[in-house]
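Input: a single structure, listed below in structure tokens.
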Amino acid sequence: MSPKMSEKELLNRLAELPREISPQRDPWPEIFKAIGNTPAGSGSSRFQTSRWFMAVAASVMLAVFAGLVFQPMGEENVVTKDFVALNTPEKGQVEVSVYENTSVFRMLNVIDAEYLAAFREFINTGNSHPGLTPQTVEKIEMGWADLRVTEEALAVALEKHPDNLFLNERMLELRARQLGFLKQLVSLDRNNRRLTI
Amino acid sequence: MKTLMKKSLKQLFVLSLGTVVAMVPISGIAGEDIDRAVEMPADGLVQVENLAGSIEFSTWDKAEVQIRGDAGDDVEEVEITTTSNSVQIRVRNRKDSRNVDGTDLYLRIPETASIEADSVSADISVSGSQGENILLNTVSGDIEVDASPAELEVHSVSGDVEYEGSVNRSSVETVSGEIVLIGPTGEVSVSTVSGDASLEAGEVSRGKFESVSGDLTLTLSVADDGRLSCDSMSGDVKLRLPASQKAEFTAQSYSGSLNSEFGESIRVSRGPGVMLQHREGDNGTQIRLETFSGDISIRTK
Numbered sequence: 091m092s093p094k095m096s097e098k099e100l101l102n103r104l105a106e107l108p109r110e111i112s113p114q115r116d117p118w119p120e121i122f123k124a125i126g127n128t129p130a131g132s133g134s135s136r137f138q139t140s141r142w143f144m145a146v147a148a149s150v151m152l153a154v155f156a157g158l159v160f161q162p163m164g165e166e167n168v169v170t171k172d173f174v175a176l177n178t179p180e181k182g183q184v185e186v187s188v189y190e191n192t193s194v195f196r197m198l199n200v201i202d203a204e205y206l207a208a209f210r211e212f213i214n215t216g217n218s219h220p221g222l223t224p225q226t227v228e229k230i231e232m233g234w235a236d237l238r239v240t241e242e243a244l245a246v247a248l249e250k251h252p253d254n255l256f257l258n259e260r261m262l263e264l265r266a267r268q269l270g271f272l273k274q275l276v277s278l279d280r281n282n283r284r285l286t287i
Numbered sequence: 209m210k211t212l213m214k215k216s217l218k219q220l221f222v223l224s225l226g227t228v229v230a231m232v233p234i235s236g237i238a239g240e241d242i243d244r245a246v247e248m249p250a251d252g253l254v255q256v257e258n259l260a261g262s263i264e265f266s267t268w269d270k271a272e273v274q275i276r277g278d279a280g281d282d283v284e285e286v287e288i289t290t291t292s293n294s295v296q297i298r299v300r301n302r303k304d305s306r307n308v309d310g311t312d313l314y315l316r317i318p319e320t321a322s323i324e325a326d327s328v329s330a331d332i333s334v335s336g337s338q339g340e341n342i343l344l345n346t347v348s349g350d351i352e353v354d355a356s357p358a359e360l361e362v363h364s365v366s367g368d369v370e371y372e373g374s375v376n377r378s379s380v381e382t383v384s385g386e387i388v389l390i391g392p393t394g395e396v397s398v399s400t401v402s403g404d405a406s407l408e409a410g411e412v413s414r415g416k417f418e419s420v421s422g423d424l425t426l427t428l429s430v431a432d433d434g435r436l437s438c439d440s441m442s443g444d445v446k447l448r449l450p451a452s453q454k455a456e457f458t459a460q461s462y463s464g465s466l467n468s469e470f471g472e473s474i475r476v477s478r479g480p481g482v483m484l485q486h487r488e489g490d491n492g493t494q495i496r497l498e499t500f501s502g503d504i505s506i507r508t509k
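Protein chains in written order, with the numbering used here: chain A, 91 to 287; chain B, 209 to 509.
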């Protein structure tokens, strides 16, 4: 949070932001194109892993966009509206609001690139041998499921109390944890592949 | 954590600059015994990479690394590289092997040597080390450390982490692995998603504990001017402090309960939730606990 902006001011600004906005940009066709270009998995384990990666990927996109939503905005940043429709493997199309300004938009492009790079790494993980055991994948999925369950519970609470600073902070923290989760897996995966390929 | 990573990079850089004294690939040893010994500085670095099986470090008073083990059936070679200040041991498996047969490595290293170990499913254990740092990475292997390095950094996805010893800077991250730490002091950082974390620490100057659904059970004291933060979503936070602990306490939960022997919790005036704000003494110490639905309890030891 900007030291110049109090929490109350930030909340007031958040409250002023529109809830729905028209779509201008949808990064997912490119992402699915990238997914489509990767070798198709043959085993159920690989399919499961791929689904898990998709879930992670979709959630990370949500996290990234949410991070932008909650990002404090300085006086020089005039907020405009955007809306992104995300196709997630679990819930179909999910609509996510994005608050966009010039600097944020630039950041979005950078994050898109980083995200795609990270996602390609996950695809490689699924194809690497010996790969992760089904038990490990299951444990990772359970960890991710915990994050998602918590996210849903927080979203319900936030729907009831959208101005609750404590809840907004928890959501922000959860987004950070989701990104941290992904980073940790990428880091460990690098080790995995370095040792196996 | 970043500090340790920087140090590792620095060590790698130095390693790359250092003269390679010898590279000894032990080829074609699948299924055979490994038995080698190489000299190294007592305060040097031992790096080990082993995909599956186990890695066991123990210490002795010699400036030498003894490498023993049972090579798995898929081992192509065990590469031992020595430089002026380090020894690197890499177990290379055949590239076409789908299910890697584990290799068990038993290493005796100088007591003051630093350790870095990477594994995927191999369990890692360290005992007796008093080196500068210990850095361990695994995906699903369990990690057990009984040592007193200056710095400890552990990353695991589903493997459990157990530590006992004396360390002044420690950082442990897991996704679903359980964490048990006994004896750390100074700066302690613990992060888990669904694994429970339990800590019995000495005096902590900077403590950062994060969980999503795992419970945090912490017994410690916080130094003057120290900071302790515990954040959990649905996991419970149980904190035990000395009765004499002085600090400014803040705690809040949205839908969990809050019980404290330091001050009284009150209902949040706007919206649901309970909170606590209490000052005990004036030593600059700050203790903050927050959960979404997890219960918070602050008790005396």
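Just so you know, even glycine gets a beta-carbon here, dropped at the ideal spot from N, CA and C.
Cβ neighbours of residue i in the same chain (closer than 6 Å, five flanking residues each side left out)
i	result
B:N467	S505
B:L428	A409, V412
B:S421	S402, S442, G443
B:I390	E372, E408
B:L436	G415, V430, I495
B:V353	V334, Y371
B:D404	E386, G422, D423
B:T458	Q485, R496
A:L237	Q268
B:T425	S406, K446
B:D243	R276
B:N345	D326, H363
B:N491	D432, K454
B:E498	D439, Q460
DSSP beta-bridge partners of residue i
i	result
B:Q255	B:Q296, B:E324
B:G394	B:V412
B:K446	B:T425, B:S505
B:Q460	B:M483, B:E498
B:P318	B:W268
B:E488	B:A455
B:F417	B:V398, B:C438
B:L466	B:I504
B:R244	B:I275
B:M231	B:T289
When the options are compared against residue i, the one with the closest alpha-carbon
i	options	result
B:R414	B:V388, B:P392, B:A271	B:P392
B:G339	B:A330, B:A355, B:T346, B:P480	B:A355
B:G336	B:D241, B:D269, B:I275	B:D269
A:W33	B:T320, B:I237, B:S366	With chain A covering 91 to 287 only, the question about residue 33 of chain A has no answer from this structure.
A:E249	B:T493, B:D503, B:G479	B:G479
B:E272	B:D282, B:H486, B:G280, B:Q296	B:Q296
B:K454	B:D423, B:T508, B:F417, B:K446	B:T508
B:E240	B:V396, B:V353, B:V299, B:D251	B:V299
B:L253	B:D282, B:R244, B:R316	B:R316
B:G394	B:G434, B:F417, B:D490, B:E361	B:G434
B:S374	B:I342, B:S364, B:S399	B:I342
B:T289	B:I263, B:E319, B:T320, B:Q255	B:Q255
A:E259	B:S473, B:S440, B:R276	B:S440
B:V286	B:D312, B:I351, B:N293, B:S379	B:D312
B:D350	B:I263, B:R487, B:V398	B:I263
B:T493	B:T499, B:E472, B:E456	B:E456
A:E242	A:M261, A:L275, A:P224	A:M261
B:S419	B:V383, B:G471, B:P318	B:V383
B:Y314	B:I332, B:N376, B:F417	B:I332
Same chain, Cβ closer than 7 Å to residue i, neighbours up to 5 away in sequence not counted
i	result
A:E228	none
A:T240	L264
A:A247	L257
B:A279	I237, A238, G239, E240, I242, V286, T311
B:E247	A271, E272
Own chain residues within Cβ distance below 8 Å of residue i, not counting five before or after
i	result
B:E476	A quick correction: the sequence has Val, not Glu, at residue 476 of chain B. Hits under 8 Å: Q460, V482, M483.
The ligand HEM heavy atom lying under 7 Å from the CB of residue i
i	result
B:D404	By its list of ligands, the structure shown contains no ligand whatsoever, and the ligand HEM lies outside what it can speak to.
Contact residues within the segment 452-479 of chain B, judged by C-beta distance below 7 Å to chain A: Q460, Y462, G479
If you measure beta-carbon to beta-carbon, which residues of the segment 242-257 of chain A are closer than 9 Å to chain B? For the segment 242-257 of chain A, which is checked against every Cβ of chain B, the residues closer than 9 Å are A243, L244, A247, K250, H251, D253, N254, F256, L257.
Contact residues within the segment 357-373 of chain B, judged by C-beta distance below 7 Å to chain A: H363, V365, S366
Got a sec: which bits of the segment 283-300 of chain B sit with their beta carbon under 7 Å from any beta carbon on chain A, in order along the chain? none
Uninterrupted beta strand (DSSP E) stretches inside the segment 324-388 of chain B (no shorter than 3 residues): 331-335, 341-346, 351-354, 359-364, 369-372, 377-381
What are the residues of the segment 374-389 of chain B that lie near chain A, defined by any Cβ-Cβ distance shorter than 7 Å? E381, V383, S384
Taking only beta carbons into account, state which residues of the segment 424-452 of chain B come closer than 7 Å to chain A, listed in chain order. D439, M441, S442
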